[in-house]
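Residue numbers for the sequence shown follow our numbering, so the first one is 22 and each next one is one higher. Heads up, the beta-carbon is just placed ideally off N, CA and C, and yes, glycines get one too. Note that the structure is predicted; figures quoted are calculated from it, not measured. Here's the structure, in structure tokens; my notes come after.
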Amino acid sequence: MSSSTQDEFDQEQCEKCGQHHLLTKRCQLCHHKFCPDHLRLELHECSEAWRIRNERVPVCPLCGKMIDDKANVGLPEDQRINYIVSQHIESGCKRFVIEMRKKKLCEFDECDEKRMMRCKKCRKWLCLKHRHQEDHDCESLEKNQKKSHGWSQALNPILARAREARRERAAKNSTTTSSISMGRKALDVFENSSGDPIGQKSIEMHDRVYLDVFLPYRSKKKPYHAFFSLKWPVGKVLDKIAAHGKLHNLNATTSDPSQRLVLYALPSGAPLPMSDKLQNCMDLGLIKKRGRTAVILEYGPSLNEEVQEMAVNVLNGKNSKVIDLTGDNSSDCVVQ
Numbered sequence: 022m023s024s025s026t027q028d029e030f031d032q033e034q035c036e037k038c039g040q041h042h043l044l045t046k047r048c049q050l051c052h053h054k055f056c057p058d059h060l061r062l063e064l065h066e067c068s069e070a071w072r073i074r075n076e077r078v079p080v081c082p083l084c085g086k087m088i089d090d091k092a093n094v095g096l097p098e099d100q101r102i103n104y105i106v107s108q109h110i111e112s113g114c115k116r117f118v119i120e121m122r123k124k125k126l127c128e129f130d131e132c133d134e135k136r137m138m139r140c141k142k143c144r145k146w147l148c149l150k151h152r153h154q155e156d157h158d159c160e161s162l163e164k165n166q167k168k169s170h171g172w173s174q175a176l177n178p179i180l181a182r183a184r185e186a187r188r189e190r191a192a193k194n195s196t197t198t199s200s201i202s203m204g205r206k207a208l209d210v211f212e213n214s215s216g217d218p219i220g221q222k223s224i225e226m227h228d229r230v231y232l233d234v235f236l237p238y239r240s241k242k243k244p245y246h247a248f249f250s251l252k253w254p255v256g257k258v259l260d261k262i263a264a265h266g267k268l269h270n271l272n273a274t275t276s277d278p279s280q281r282l283v284l285y286a287l288p289s290g291a292p293l294p295m296s297d298k299l300q301n302c303m304d305l306g307l308i309k310k311r312g313r314t315a316v317i318l319e320y321g322p323s324l325n326e327e328v329q330e331m332a333v334n335v336l337n338g339k340n341s342k343v344i345d346l347t348g349d350n351s352s353d354c355v356v357q
């Protein structure tokens with residue numbers, strides 16, 4: 022016998038399609054064998070499927086409950102159903118009742134959704150819709166609200182006294198407060214803080230000089246705190262400041278004094294020599310060795326007195342009036 026013939030004998034034939042299959046099973050109604058593709062009743066058109074379709078469960082005419090006609094009472098099938106129904110009625114509709122499994126519903130009001138989880142606070146079974154404490158009016162929320170209300174009533178007079186004391190201190194120290202606020206307002210004028218100056222990080226600490234830099238008044242740019250190298254000439258410092266403020270720097274191309282940028286020392290207003298190094302300016306007293314030192318960059322051979330006064334007032338923390346330079350015939354100084 023060949024191997025192919027042996028395989029055919031090991032596999033059973035489906036009575037619907039005629040194919041041999043290892044997973045052939047027998048139908049429990051018609052008792053014929055079918056492959057997995059035709060095992061379902063509708064797929065092999067089972068001749069005994071009517072037994073399932075026509076099967077009925079007896080119902081009590083008094084209470085309307087379904088009666089278990091499959092109960093083992095030791096009687097043949099043709100007598101069992103009548104006997105079970107009569108025994109059910111005689112027992113007051115209590116025996117042989119098919120108990121239906123009730124769907125476990127959400128315990129919030131009249132919700133008919135299936136319960137899924139339990140609240141850890143009130144221990145109620147709830148559906149997904151009412152799982153949050155706010156959605157099912159959890160008892161713990163009411164308790165917390167009562168506690169918070171009690172605390173608020175106890176703290177209200179304490180908070181009122183604290184607010185009154187704060188107002189009294191504010192009225193008492195009004196002069197000091199106004200001066201401090203004025204100083205803070207002046208400090209807010211700068212682009213950055215003095216603790217975070219702008220500069221080239223490669224400059225050694227012992228070679229650094231820290232300056233408060235004011236840009237041309239018409240540029241409407243904020244002054245900023247910066248540091249430069251003592252070994253740099255004033256011309257290089259001027260180029261660095263102009264590049265930071267995005268200003269028109271025509272010093273290398275024009276001879277018109279009104280179009281050239283000049284760096285002035287504050288509060289004296291003296292111009293810094295372009296070829297001198299910052300170290301030389303410090304030795305001449307134009308720049309302070311210690312304390313707060315400022316410079317201002319402006320167009321023209323001389324510094325406007327009102328602009329100089331405004332910059333000095335900012336350094337001293339005083340209010341500065343707005344000046345009008347529209348009459349000046351110089352061009353715009355900001356690079357567009």
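> Could you check where the beta strand (DSSP E) with TYR238 kicks off and where it finishes?
Replying inline: Per DSSP, TYR238 belongs to no beta strand (DSSP E) and is neither H nor E.
>> Would GLN108 and VAL94 be called neighbours here (beta carbons separated by less than 9 angstroms)?
In response: yes
> In this structure, what does DSSP give as the bridge partners for GLU33?
Replying inline: HIS42
>> Here's the rule: buried if 16 or more other CB atoms are within 10 angstroms of the residue's CB, otherwise exposed. What is THR314?
In response: buried
> Rounded C-beta distance between LYS142 and CYS159? I'm assuming under 8 angstroms.
Replying inline: 5 angstroms
>> With H, G and I counted as helix, E and B as strand and the rest as coil, what does DSSP make of HIS109?
In response: helix
> Run through DSSP, which three-state label would HIS265 get?
Replying inline: helix
> Would you say LEU268 and LEU299 are within 9 angstroms of each other, going by their C-beta atoms?
Replying inline: no
> How about LYS37 and HIS52: do their beta carbons lie closer than 9 angstroms?
Replying inline: no
> Quick one: any contact between the segment 288-304 and the segment 206-225, if contact means 3 or more CB pairs under 8 angstroms?
Replying inline: no
>> Less than 9 angstroms between the beta carbons of ILE317 and ALA332, yes or no?
In response: yes
>> Quick check: what's the CA-CA separation for LEU50 versus LEU96?
In response: 24 angstroms
> Can you name, in chain order, every residue of its own chain whose Cβ lies under 6 angstroms from the Cβ of GLY220, other than the five neighbours on each side?
Replying inline: ALA247 and PHE248
>> Could you check whether the Cβ of GLU69 sits closer than 9 angstroms to any Cβ belonging to chain D?
In response: In summary, chain D is missing from the structure at hand, where a single protein chain is found.
>> With distance defined between alpha-carbon atoms, name the residue in VAL230, SER240, LEU149 and PRO322 nearest to ASN301.
In response: VAL230
>> Rounded to the nearest angstrom, what separates VAL258 and ALA264 at their Cα positions?
In response: 10 angstroms
> Could you give the residue range of the beta strand (DSSP E) that holds GLU319?
Replying inline: 315-320
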